[in-house]
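**Q** The structure under discussion is supplied below as structure tokens; questions concerning it will follow.
Right, dumping it as structure tokens:
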């Protein structure tokens, strides 16, 4: 992998990880469009670490408060502060964790084709648009409960299929549950932390247990660029959320699906 390829893929991962347009689809499609070789598990690990650091840093106060209150709640055996939210994040992570353990081989080997990505990009994009049109989205973070966590968690598990978009499908679920855009997006981003930790751990074990030679130059470039782009994407996505809504991303997904159909199918 040359420097420009690592730079481009790092920027692409950072941009698409938290926007509702599917980072996995873009990382699969880009080498296909440009005729590049697969970037390798080492590079995948670097961009996962970069995006993880970005979301933890951006929501550092929330993360600290949730973790603190969660531990205090366990110690005192009662809900303290944001302790309930800590449990909701755990509950919301379980479906994707179980699905990943059960289906990861099938997803990696059978669900990475252009036809699958075309379908998920288009269908889940349209669902996002429908959810954003719904009236009476008034629920805030204070109204969340364990049932919401289960529903959003199941939606997150569906995002293991490339093209679905983890942030897109969890925000869609939140909107269908009556959450405001800000609440659905914030819960989605916080829910990204444990699942990216799990994904990074899987990649790390894969690197450690194989004879893969890590391109440390590409690793560094990918990690740094994905971090910088991810923290920028989160900031501006939340800043512009009420002004632009979800439809720019819906339209992008529809256009991307058209390009996939025309070029790769």
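In my numbering, the protein residues as written are 20 to 284. By construction, the Cβ of each residue, glycine as well, lies at the ideal position given by its N, Cα and C atoms. These numbers come from a predicted model, not from an experiment.
In three-state DSSP terms, what is residue 158?
**A** In the structure shown, residue 158 sits in a strand (DSSP, three-state: E or B).
**Q** Taking the alpha-carbon positions, what's the residue 37 to residue 281 distance?
**A** Cα-Cα distance, rounded: 26 angstroms.
**Q** Is the distance from the Cβ of residue 253 to the Cβ of residue 71 below 9 angstroms?
**A** No.
**Q** Cα separation between residue 66 and residue 162?
**A** Cα-Cα distance, rounded: 33 angstroms.
**Q** Give me the Cβ distance between residue 138 and residue 184, rounded to the nearest whole Å; I'm assuming they're in contact under 8 angstroms.
**A** Actually they are not in contact, since the Cβ atoms of residue 138 and residue 184 sit about 13 angstroms apart, beyond 8 angstroms.
**Q** Helix, strand or coil, according to DSSP, for residue 198 in the structure here?
**A** In this structure, residue 198 counts as strand in the three-state DSSP scheme.
**Q** Taking only the alpha-carbon atoms, compute the straight-line gap between residue 148 and residue 190 and give it to the nearest angstrom.
**A** Distance between the alpha carbons of residue 148 and residue 190 is about 11 angstroms.
**Q** Report the residue ranges of all alpha helix (DSSP H) runs contained in full by the region 165-197; include only those spanning at least 4 residues, in chain order.
**A** Listed in chain order, the complete alpha helix (DSSP H) runs (minimum 4 residues) inside the region 165-197 are 165-177, 185-195.
**Q** Thinking C-beta only, is residue 91 closer than 9 angstroms to residue 82?
**A** Against a cut-off of 9 angstroms, the Cβ pair of residue 91 and residue 82 comes out as no contact.
**Q** Go ahead and pull the three-state DSSP assignment for residue 230.
**A** Coil, per DSSP.
**Q** Just tell me which of 40, 284, 170, 256 has its CA closest to the CA of residue 141.
**A** Among 40, 284, 170, 256, the Cα nearest to that of residue 141 is on 40.
**Q** Over what stretch of residues does the alpha helix (DSSP H) that includes residue 287 continue unbroken?
**A** Residue 287 is absent from the model: the chain starts at 20 and stops at 284.
**Q** So, for residue 168: in the same chain, excluding its five sequence neighbours on each side, which residues have a beta-carbon less than 7 angstroms away from its beta-carbon?
**A** Within the same chain, residue 168 has close Cβ partners 107, 110, 111.
**Q** What beta strand (DSSP E) runs, 3 residues minimum, are completely inside the region 69-134?
**A** Listed in chain order, nothing qualifies, since the region 69-134 has no complete beta strand (DSSP E) run of 3 or more residues.
**Q** Quick one: give me the first and last residue of the alpha helix (DSSP H) that residue 277 is part of.
**A** That run of the alpha helix (DSSP H) goes 266-283.
**Q** What do you get for residue 63, buried or exposed, if any count of 16 or more other CB atoms within 10 angstroms of its CB means buried?
**A** It is buried - the Cβ of residue 63 has at least 16 other Cβ atoms within 10 Å.
**Q** Using only the alpha-carbon positions, how far apart do residue 94 and residue 77 sit?
**A** Each residue's Cα considered, the two are about 28 angstroms apart.
**Q** Closer than 7 angstroms by C-beta to residue 44: which residues in its own chain qualify, once you throw out the five before and the five after it? Chain order, please.
**A** Taken in chain order, the residues that qualify are 136, 140, 181, 182.
**Q** Would the region 217-225 and the region 44-56 be scored as touching if the rule is three or more Cβ pairs under 8 angstroms?
**A** With a cut-off of 8 angstroms, the region 44-56 and the region 217-225 do not count as touching, because too few Cβ pairs lie within range.
**Q** Helix, strand or coil for residue 39? Go by DSSP, reduced to three states.
**A** Reduced to three states, the DSSP call for residue 39 is coil.
**Q** Got a sec, what are the start and stop residues for the alpha helix (DSSP H) residue 239 sits in?
**A** Taken as a continuous stretch (DSSP letters only), the alpha helix (DSSP H) holding residue 239 covers 235-263.
**Q** Give the DSSP-derived three-state secondary structure of residue 21 in the structure shown.
**A** Residue 21 falls in the coil class under three-state DSSP.
**Q** Does DSSP put residue 153 in a helix, a strand or coil?
**A** DSSP places residue 153 in coil when its eight states are reduced to three.
**Q** With 16 other CB atoms within 10 Å as the buried threshold, where does residue 177 fall?
**A** Its Cβ being crowded by 16 or more others within 10 Å, residue 177 is buried.
**Q** Can you give the beta carbon distance from residue 248 to residue 30, rounded, assuming they're within the 8 angstroms contact cut?
**A** Indeed, because the Cβ distance is near 5 angstroms, the residues count as touching under 8 angstroms.
**Q** Count the other CB atoms within 10 Å of the CB of residue 46; is the residue buried (16 or more) or exposed (fewer)?
**A** That one is buried.
**Q** Report the rounded CA-to-CA distance for residue 207 versus residue 175, giving the unit in angstroms.
**A** Distance between the alpha carbons of residue 207 and residue 175 is about 9 angstroms.
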